[in-house]
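Enquirer: Mapped onto full-length UniProt numbering, the consecutive letters of the sequence shown carry residue numbers 8 to 345. Even glycine gets a Cβ: it sits at the ideal position worked out from N, Cα and C.
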Amino acid sequence: IQEETLNKIKNAYSLNELQDIKVEVLGKKGSLTGVLRGMGKLSKEERPVVGEIANKVRETISAQIETKSDVLEEKVLEEQLEKETLDVTLPGRPVQAGGPHLLTSIIEDIEDLFIGMGFEIKEGPEVETDYYNFEALNLPKDHPARDMQDTFYLTNELLLRTHTSPVQARTMNQYEGNQPVKMICPGKVYRRDTDDATHSHQFTQIEGLYVDKNVRMSDLKGILDRFAKKMFGQDREIRLRPSFFPFTEPSVEMDISCKVCNGEGCSVCKQSGWIEILGAGMVHPRVLEMAGYDPEVYSGFAFGMGPDRIAMLKYGIDDIRQFYTNDVRFLRQYHHAK
Ligand code: PHE
């Protein structure tokens, strides 16, 4: 048995094979186990002699199995290491880097422009009170411009702001009626619109407010002209059309001239050659007064623009929903937009 088994062990190729040999010889029904069990049938004199031999054989075989098992385990490990080597000279896979959302880029560009003109950046809450969203802006409870249809009311007094204009009143309150205010405020606004290519129930606005002694309409026009040229190109003109907002008087809407140029030349983008871009005006005396500014001493202008609309016009994007469905194939096109 010993000779045959040691031979088998020597030739064993795998740990499985070795295990089989072990069972075959030393297992419950193994050949050596059989010998040991048969000892009972032997005579008293024969028993110790055979027992000693059998035990020696078992020890030898066990030790040999142990040694071989170490060798085979080593071999398995080596094979595994061989298989799993890394080729460190392979080129790496490119990592997809993220980038700012197009609206974020547009807002940051506009912020840069206005910071350069001495404006500070303000923020206000998206969940706003009825007072700041409407009342403080000269839109009393029964005012027709306060169309219930457009507003997401949360409670009687709380709503999702429908524009960034409440930040005008909040900032003026903060400065307590005796300091100049020069701020812009970007942020999200909400309206109860049915979403389609040109409407979204959530979009962005940037509010602007400049209050000081002797602020005039011409200051507004000058700043808006700079804004239009920076955003759309030096060849753009602006025009102000009379309009109405309860919180400004007089109120205007600003158009910019629009040209579309291609290889064959330039044509205007709309029949009129002008496209509406924002609402603005001189801060209404009532609004100044409610915020604690004396309209006899202070005057100001305000404007509100929509970065969504600006981005759509600037890049020819025809569906506002693109900004909010966040398909990276769309967004990635504008990662380096300036
Ligand atoms: N809040 C106005 C709107 O949402 C825009 C506006 C802001 C007009 C400031 C005048 C002055 O349409």
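Given that a residue counts as buried once 16 or more other Cβ atoms are within 10 Å of its Cβ, and exposed if not, what is Y197?
Expert: buried
Enquirer: Have a look at P314 and Q87 and give me their C-alpha separation to the nearest angstrom.
Expert: 58 Å
Enquirer: Would F251 be called buried (16 or more neighbouring beta carbons within 10 Å of its own) or exposed?
Expert: exposed
Enquirer: Among G229, L216, Y182 and E183, which one has its Cα closest to the Cα of C192?
Expert: L216
Enquirer: Over the uninterrupted beta strand (DSSP E) stretch that includes R248, give me the two end residues.
Expert: Where R248 is concerned, the enclosing beta strand (DSSP E) starts and stops at I245 to F252.
Enquirer: With the cut-off set at 8 Å, would you say R328 and S207 are in Cβ contact?
Expert: yes
Enquirer: Cβ atoms of I72 and K29: under 8 Å apart, would you say?
Expert: yes
Enquirer: In this structure, how does DSSP classify S258 when only helix, strand and coil are distinguished?
Expert: strand
Enquirer: What residue from V290, E164 and L231 has the CA that sits closest to L222's CA?
Expert: Looking at the sequence itself, residue 222 is Val, so the reference to Leu does not match. Answer by Cα proximity: V290.
Enquirer: Does the separation of the CB atoms of G288 and P253 fall below 8 Å?
Expert: no
Enquirer: Quick one: using the 10 Å Cβ neighbour count with 16 as the cut-off for buried, is N140 buried or exposed?
Expert: buried
Enquirer: Whose C-beta lies closer than 6 Å to the C-beta of G184 among residues of the same chain, with five residues either side of it excluded?
Expert: G299 and Y300
Enquirer: Taking M124 as the reference, give the member of H343, R243, L231 and M312 with the closest Cα.
Expert: L231
Enquirer: May I ask which residues mark the beginning and end of the beta strand (DSSP E) holding G307?
Expert: DSSP places G307 inside the beta strand (DSSP E), whose first and last residues are S306 to M312.
Enquirer: My understanding is that I8 touches L39, with C-beta atoms under 8 Å, so please give their C-beta distance in whole angstroms.
Expert: 6 Å
Enquirer: By alpha-carbon positions, which one of T178, E135, E91 and R233 ends up nearest to K129?
Expert: T178
Enquirer: Tell me which residue opens and which closes the alpha helix (DSSP H) that M224 is part of.
Expert: M224 to F239
Enquirer: Report the residue from F210, Y331, G272 and Y138 whose alpha carbon sits nearest the alpha carbon of Q175.
Expert: Y138
Enquirer: Could you tell me the boundaries of the beta strand (DSSP E) in which E91 lies?
Expert: According to the DSSP assignment, E91 belongs to no beta strand (DSSP E), since it is labelled neither H nor E.
Enquirer: Would you say the beta carbon of E256 is closer than 7 Å to some non-hydrogen atom of ligand 1?
Expert: Not under cutoff, so the answer is no.
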